[in-house]
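K.L.:
Mind looking over this structure? Questions follow.
Numbering (the numbering used here), first residue to last: 9 to 352.
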C-alpha cells in the first residue's frame, strides 16, 4: 500500500489558499509544512489549514522536514532558485506558472531536476478544468482538427487582488495567454510558427491587455487565440474560456455556461460540462479552483505510481517558447518560428 506523500508549500499568498484547500482534498498526499518570507502570512496559513510546521526559510524547512514533494507558489523571479534548492535535497517539485522569466531559467530548472532524479511538473491548471477535458474527449469524434479558436475576453477586475499585474511590463500573454497557448497545444498539438498583435487599451495597465495570436500547428491546422481584459460585453462570462474546434467530420464548441455542442456528420448534440467544484470553491472562479484540485491529484497519482506528469518541465518549455515568441513577434511584426529541438 502506498504511504501518504508528505508535502511542503512555499509561498502563502492569495492564490496559495486554493492550493492549500486542494491539498486537503487530495487522496494520497498532505501538506505538513508551509513557508513564506513573511512570517505572519506563513503563520496565518498554518493556523487556517491546521499545519503545525511553519517556516520563513525554505532551506530550513528542507533540512528539518522529511518531504516527498514541495509545491512552489511564489512569484516568478524566485522559481529558479527555489526549484534548484528543492531538487538539491532530492525532493520532487511542482511549480506554479509562469514557470520562468526566461527560457534559459526554465531549462536550468529542468536540468537540475533531471540530474537530481526528481519529478518536476508545472502547475498549468487550465487544461485540467472539467469543461476543457470534456472538450478534448469530444474532439476525438470530429476527425482531424484543422481549425481552433480559444477566446478569453472580459472586463473583470483582477487588479484588486493582484495589483502588481497593472504595473507589469508584460501582462496578458505572460499571465493569462500562457494558459490559452497551453490549451492550444493540449487540444491541437505543437506549433510550427506564430504571429501576434498586442494592444494596450486600458490606461490603468502598463503592459498589453489585449492580444491576438495566430498559431500555425505542426498538424497543418491553425488556431486563433484571443485574450482581453478590457472587453465591454453584454454578457461577461469571466472566467470561462470559450473554445471552438473544427475537424474533418464535424465540430466541437465549448460555449457560454459550459454548453458543449458536438456536431458530427451534420447531427448536433448538447451536453452540460459545468465544473464539479470542491465544497470550498466560490464563484466566480470555481472552474479554476476545480482545476487546481484536479492537477494536484494528477501529480500525487504520478508520484505514487511512478508515472510522468502531463505538464512536465520539459513539456512546459514549449508553452513558454510560445509566450516569449508571441512577444517577439508582436515587437517585430514578423512571424516567430519555433525550435523543433527545444526540450530534447
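For each residue, glycine too, the CB sits at the ideal point set by N, CA and C.
All values derive from a computational prediction rather than experimental measurement.
#1: Jot down the residue ranges of each uninterrupted alpha helix (DSSP H) in the region 24-98, minimum 4 residues, whole runs only, in chain order.
#2: Would you report the Cα separation of residue 207 and residue 283, rounded to the nearest angstrom?
#3: Can you give me the C-alpha to C-alpha distance between residue 289 and residue 31, rounded to a whole angstrom?
#4: Residue 154 lies in the beta strand (DSSP E); which residues open and close that run?
#5: Just to confirm the assignment: which complete alpha helix (DSSP H) runs, minimum length 4, are found wholly within the region 116-200?
#6: Which residues in the same chain have their Cβ closer than 7 Å to the Cβ of residue 267, if we skip the five residues on either side of it in sequence?
#7: Figure out for me which residue from 257, 93, 302 and 217 has the closest Cα to the Cα of residue 120.
#8: Just checking my contact of residue 129 with residue 319 at CB under 8 Å: how many whole Å lie between their CB atoms?
#9: Going by the beta-carbon positions, is the gap between residue 200 and residue 346 smaller than 8 Å?
#10: Closer than 6 Å by C-beta to residue 324: which residues in its own chain qualify, once you throw out the five before and the five after it? Chain order, please.
#11: CA-CA distance, residue 104 and residue 183?
#12: Which of helix, strand or coil does DSSP assign to residue 350?
#13: Given that a residue counts as buried once 16 or more other Cβ atoms are within 10 Å of its Cβ, and exposed if not, what is residue 187?
#14: Identify whether residue 100 lies in helix, strand or coil by the three-state DSSP scheme.
#15: Is it a yes or a no for the region 328-338 touching the region 201-220, going by three-plus beta-carbon pairs under 8 Å?
#16: Measuring CB atoms only, is the region 17-33 touching the region 50-60, in the sense that at least three cross pairs come out at less than 8 Å?
#17: Mapping DSSP to helix, strand and coil, what is residue 224?
#18: Within 8 Å, do at least three Cβ pairs link the region 158-166 to the region 293-312?
#19: Using a 10 Å radius around the Cβ and a threshold of 16 neighbouring Cβ atoms, would you call residue 79 buried or exposed?
#20: Going by other Cβ atoms of all chains shown within 10 Å of its Cβ, with 16 needed for buried, is residue 58 buried or exposed?
#21: Could I get the ranges of all uninterrupted beta strand (DSSP E) runs contained in the region 231-319, with 3 residues as the minimum, in chain order?
#22: Please state if the CB of residue 189 and the CB of residue 331 are separated by a distance shorter than 8 Å.
#23: With 16 other CB atoms within 10 Å as the buried threshold, where does residue 133 fall?
#24: Just verifying my parser: in three-state terms, what is the DSSP assignment at residue 212?
#25: Can you round the beta-carbon distance between residue 149 and residue 270 to whole angstroms, since I take them to be within the 8 Å contact cut?
#26: How far does the alpha helix (DSSP H) with residue 321 in it extend, from its first residue to its last?
#27: Apart from the five residues just before and just after residue 309, which ones in its own chain have a Cβ nearer than 6 Å to its Cβ?
#28: Can you check which of these residues, 146, 126, 112 and 225, is closest to residue 98 by C-alpha distance?
#29: Are the CB atoms of residue 192 and residue 143 nearer to each other than 8 Å?
#30: Among the residues of its own chain, which have a CB less than 6 Å from the CB of residue 41, if the five just before and after it don't count?
#31: What is the DSSP secondary structure of residue 114, counted as helix, strand or coil?
#32: Have a look at 27, 56, 34 and 66 and flag the residue whose alpha-carbon is nearest the alpha-carbon of residue 44.
#33: In whole angstroms, give me the CA-to-CA distance for residue 9 and residue 322.
#34: What would DSSP say about residue 12, mapped onto helix, strand or coil?
#35: Select from 76, 64, 109 and 95 the residue whose C-alpha is nearest the C-alpha of residue 86.
P.N.:
By the coordinates alone:
#1: 24-33, 47-57, 66-72 and 87-96
#2: 32 Å
#3: Separation of residue 289 and residue 31 (C-alpha to C-alpha, rounded to the nearest whole angstrom) is 13 Å.
#4: Following the DSSP letters along the chain, one finds residue 154 inside the beta strand (DSSP E) bounded by residues 153-161.
#5: 138-147 and 186-196
#6: 278 and 280
#7: 93
#8: 6 Å
#9: yes
#10: 107 and 130
#11: Distance between the alpha carbons of residue 104 and residue 183: 11 Å.
#12: In the displayed model, residue 350 falls within coil according to three-state DSSP, outside both helix and strand.
#13: buried
#14: strand
#15: Result yes; three or more Cβ-Cβ pairs closer than 8 Å.
#16: yes
#17: strand
#18: no
#19: Buried, because 16 or more other Cβ atoms sit within 10 Å of the Cβ of residue 79.
#20: exposed
#21: 250-255, 258-262, 267-272 and 275-280
#22: yes
#23: buried
#24: In the displayed model, residue 212 falls within coil according to three-state DSSP, outside both helix and strand.
#25: In this structure, residue 149 and residue 270 form a Cβ contact; the two beta carbons are roughly 7 Å apart against a cut-off of 8 Å.
#26: Per DSSP, the continuous alpha helix (DSSP H) segment holding residue 321 begins and ends at 321-340.
#27: none
#28: 126
#29: Taking 8 Å as the Cβ cut-off, residue 192 and residue 143 do not qualify as a contacting pair.
#30: Once the five neighbours on either side are set aside, the close Cβ partners of residue 41 are 16, 61, 69 and 73.
#31: helix
#32: 66
#33: Low confidence applies here, because residue 9 scores a pLDDT of 44, under 50, leaving its location unreliable; read the following figure in that light. Straight-line Cα distance between these residues: approximately 30 Å.
#34: coil
#35: 109
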